[in-house]
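Going by my numbering, the sequence shown opens with residue 21, and the numbers climb by one from there.
Don't be surprised by glycine CBs; every beta carbon is placed ideally from N, CA and C.
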Amino acid sequence: MKIITKIEEMQNFSIQMKREGKKIGLVPTMGYLHDGHLSLVKIAKEKSDVAVVSIFVNPTQFGPSEDFNKYPRDEARDLELLKSLNVDAVFMPDSNEIYQFNYQTYVDVEEITKKQEGEFRPTHFKGVTTIVSILFNCVQPDVAVFGQKDAQQAAVINRMVNDLKFPVKIIIAPIIREPDGLAMSSRNVYLSIQERKDALILYRALKYGEKLIEGKEMNPQVIIDNMRIMISGIESARLDYIRIVNAYYFTEPDFIEGGNEYYILIACKIGKTRLIDNILVQV
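Have a look at this one:
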């Protein structure tokens, strides 16, 4: 497994792989890997000849009051996990390598980033699309794999790839959950034992919302209100939002229509830890 820290070396590696006719798959991560990340790596290996994983805690996607400095990191463990999966290369640049002195250029997708997560984290997606663009230029992947847990992020990246004509196929992989339903997340490590139990309300609420839709409740506000009532029973939970959105455009419909796919999205703080989750519903 090759460990690469410099952009030029990463680009040269990718150029050589392409000269050899090999297809490159990229999994962008911020490290502190769990089984959800590893599921993405396995897909990248299936869909390409050369699997590259990036590990970079990207400062530009964190707001000023967010958890950049305390975001969990364990590079040694990450590398052992990736080595066990026979990853071909790990790209691990530092911040100065990516955002060099006097850095001024950002990629900003407009409409789809303004609602849902964008209401609560107004600079987040600009940071995401900027770093993903940089990674695409460094790694030059044919395929990139992202997780459904960050569903809006995946939609934003798809929009960027379509609009800017990146020659990359985006694959969205399903959420990997703990046996009790909690979506795997690097931030779960912040939860206390009681908060970990409380966090299960997110998936239960999502499944309840799905059940209401399957029972032909087509008014999004009725579904959201019922889910809110469920979550309000958990003392440690402070809800940011519940939204029902078109799975492609991320618009919020007045009425759920048959023949479409929708995400039910949820963002909630359990204690001090902000968690997001979603469920995809076919109507």
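6 angstroms CB neighbourhood of D69 in its chain, flanking five on each side removed | K42, K43
Could you check where the beta strand (DSSP E) with Q302 kicks off and where it finishes?
-> 293 to 302
Expected contact under 8 angstroms - CB spacing of T149 and V127 to nearest Å = Rounded, the Cβ-Cβ distance is 4 angstroms, consistent with contact.
So does the region 234 to 244 actually touch the region 204 to 224, counting three or more Cβ pairs closer than 8 angstroms?
-> no
Exposure of F169, with buried meaning 16 or more beta-carbon neighbours within 10 Å = The sequence shown places Lys at residue 169, rather than the Phe named in the question. By the neighbour-count rule (16 or more Cβ atoms within 10 Å), K169 is buried.
List the DSSP bridge partners of E281.
-> Q302
Pair every Cβ in the region 280 to 296 with every Cβ in the region 248 to 257, then say whether three or more of these pairs are closer than 8 angstroms.
-> yes
Run the CB neighbour count on I75, radius 10 Å, all protein chains shown included, and call it buried at 16 or more, exposed below.
-> If you draw a 10 Å sphere on the C-beta of I75, you find 16 or more other C-beta atoms in it, and that means buried.
Note down the Cα distance separating L60 from M204, rounded to an integer number of angstroms.
-> 13 angstroms
When burial is assigned at 16 or more other CB atoms within 10 Å of the CB, is Y223 buried or exposed?
-> It counts as buried.
Is it buried or exposed for T133, if we count other Cβ within 10 angstroms and need 16 for buried?
-> buried
When N280, E237, T49, I299 are compared against R263, the one with the closest alpha-carbon = I299
Run through DSSP, which three-state label would Y210 get?
-> helix
How long is the line joining the alpha carbons of G1 and N208, rounded to whole angstroms?
-> The displayed coordinates of the chain run from 21 to 303. Any statement about residue 1 would go beyond what the structure contains.
So what does C158 bridge to, in DSSP terms?
-> C158 is not bridged to any residue.
Can you tell me where the beta strand (DSSP E) with K231 in it begins and where it stops?
-> Counting along the chain, K231 falls outside any beta strand (DSSP E), though it belongs to the alpha helix (DSSP H) covering 220 to 234.
Ignore the nearest five residues each way along the sequence and tell me which others in G291's own chain have a CB closer than 6 angstroms to its CB.
-> E215, S256
C-alpha gap between D183 and I213, whole angstroms | 44 angstroms
What's the gap between the Cα of P48 and the Cα of D98?
-> 13 angstroms
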